[in-house]
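Heads up, the thing below is written out as structure tokens.
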């Protein structure tokens with residue numbers, strides 16, 4: 005009888021263990037710097053040697069490079085990428101002036117950047133990071149918030165965009181037209197290059213909730229129209245921190261970085277986007293945290 009009970013208990017434990025066991029993430033084998041991609045080897049070397057000039061090439065920021073040079077690495081290791089885990093950098097840090105790089109042990113996923121000069125970006129292992137490069141994101145509201153923020157430089161708190169100065173809005177009229185064009189292109193609609201004053205009035209009301217009827221002071225105003233001039237590609241180093249939708253309200257939180265490696269936070273802002281009949285309007289922007297550093301914009 006005791007033997008039967010023991011067997012039953014063993015079977016239960018095995019079944020219980022099978023139900024609760026979480027598949028482990030495979031860890032890649034250790035590789036040397038010589039076996040790593042050249043950009044990774046150069047970056048890790050620059051970090052360990054606290055080479056400000058080399059770090060500047062990766063970060064595209066003097067301030068961020070100087071800050072990263074405060075990180076004193078005592079040991080490091082590289083693990084090769086697997087099916088479930090990208091190339092991973094393991095660090096032991098003795099000193100650090102970067103809040104995101106803690107003293108002690110940490111593990112980092114290394115990601116390819118969006119341009120040759122931004123060939124390395126970090127994220128802590130186990131942390132989901134949703135990079136925003138241009139407006140190539142799934143949610144229209146996120147693309148809208150990003151476009152409004154980067155085109156209008158709304159990085160500080162704006163409790164109610166409807167209270168923005170009409171004069172300021174007129175000065176930004178070309179940028180409003182640009183956002184409209186970006187979203188039209190995203191929806192595969194025709195992208196306009198000229199907007200009448202009536203069309204600009206409608207855009208201001210739709211996108212910011214501001215009533216403006218006179219645009220003669222706009223930088224690109226001529227013959228009763230505001231012209232959208234062509235521009236090159238540019239994007240900010242940033243990532244989506246949170247996104248929520250409740251009824252007609254989208255809440256989009258974006259962290260802008262001061263560097264191309266996405267290690268040094270410049271500012272984190274929560275944008276409230278209202279939706280009415282499929283039309284999006286920026287209702288507010290709230291600065292949640294940040295430094296006095298300028299968000300890094302990258303040009304192609």
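Numbering (our numbering), first residue to last: 5 to 304. Ideal placement from N, C-alpha and C gives every residue a C-beta, glycine not left out.
Residue from the options whose Cα sits closest to the Cα of residue i
i	options	result
residue 179	65, 231, 105	231
residue 73	63, 93, 81, 43	63
residue 215	221, 169, 47	169
residue 266	156, 128, 275, 287	128
residue 198	191, 192, 172, 181	181
residue 93	82, 135, 187	82
residue 171	223, 206, 134, 157	223
residue 53	213, 299, 97	97
residue 167	221, 106, 38, 212	212
Cβ separation of residue i and residue j, assumed to be a contact under 8 Å, to the nearest whole Å
i	j	result
residue 268	residue 102	6 Å
residue 273	residue 159	6 Å
residue 258	residue 153	7 Å
residue 149	residue 261	About 17 Å separates the two Cβ atoms, so there is no contact after all.
Contacting residues, own chain, Cβ-Cβ under 7 Å from residue i (five flanking each side not counted)
i	result
residue 219	174, 177, 201, 204, 225, 230
residue 252	278, 279, 280
residue 56	69, 70, 73
residue 245	257, 258, 259, 272
residue 120	No answer about residue 120 holds up, because its pLDDT of 44 lies below 50 and its placement is not dependable.
residue 66	60
residue 143	247
residue 185	195, 196, 232
CA-to-CA distance, residue j to residue i, given in whole angstroms
i	j	result
residue 1	residue 241	Absent from the model: residue 1. The displayed extent of the chain is 5 to 304, so no value can be given.
residue 61	residue 264	9 Å
residue 89	residue 40	15 Å
residue 27	residue 108	Reliability fails at residue 27, whose pLDDT of 45 lies under 50, so the model's placement of it is uncertain and no value is given.
residue 17	residue 31	The predicted position of residue 17 is uncertain, since its pLDDT is 35 and thus under 50; a value taken from the coordinates is nonetheless stated next. If I take the Cα positions, the gap works out to 27 Å.
residue 47	residue 79	15 Å
residue 208	residue 162	16 Å
residue 286	residue 164	9 Å
residue 49	residue 35	14 Å
residue 45	residue 270	26 Å
residue 289	residue 59	32 Å
residue 155	residue 191	19 Å
residue 299	residue 243	12 Å
residue 294	residue 183	25 Å
residue 147	residue 136	9 Å
residue 193	residue 100	49 Å
residue 134	residue 227	43 Å
residue 206	residue 217	9 Å
residue 106	residue 292	21 Å
residue 221	residue 157	20 Å
Which residues DSSP lists as bridging residue i, in chain order
i	result
residue 126	114
residue 96	79, 109
residue 47	According to DSSP, which records beta bridges pairwise, residue 47 is partnered with nothing at all.
residue 135	243
residue 359	Any question about residue 359 goes unanswered here, given that the chain covers just 5 to 304.
residue 279	284
residue 289	162, 275
residue 254	249, 277
residue 303	238
residue 229	200, 226
residue 60	None, per the DSSP bridge assignment.
Other residues of its chain near residue i: CB distance less than 6 Å, five sequence neighbours each side excluded
i	result
residue 238	301, 303
residue 4	Nothing can be reported for residue 4: it is not among the residues displayed for the chain, which extend from 5 to 304.
residue 189	195
residue 110	95
residue 91	85, 114
residue 187	none
residue 104	267
residue 33	84
residue 297	67, 262, 270
residue 37	45
Cβ-based neighbour list, residue i, same chain, cut-off 8 Å, excluding 5 preceding and 5 following
i	result
residue 145	247, 249, 254, 256, 277, 279, 284
heavy atom of the ligand SAM below 8 Å from residue i C-beta
i	result
residue 230	For the ligand SAM, the structure offers nothing, since it holds no ligand at all.
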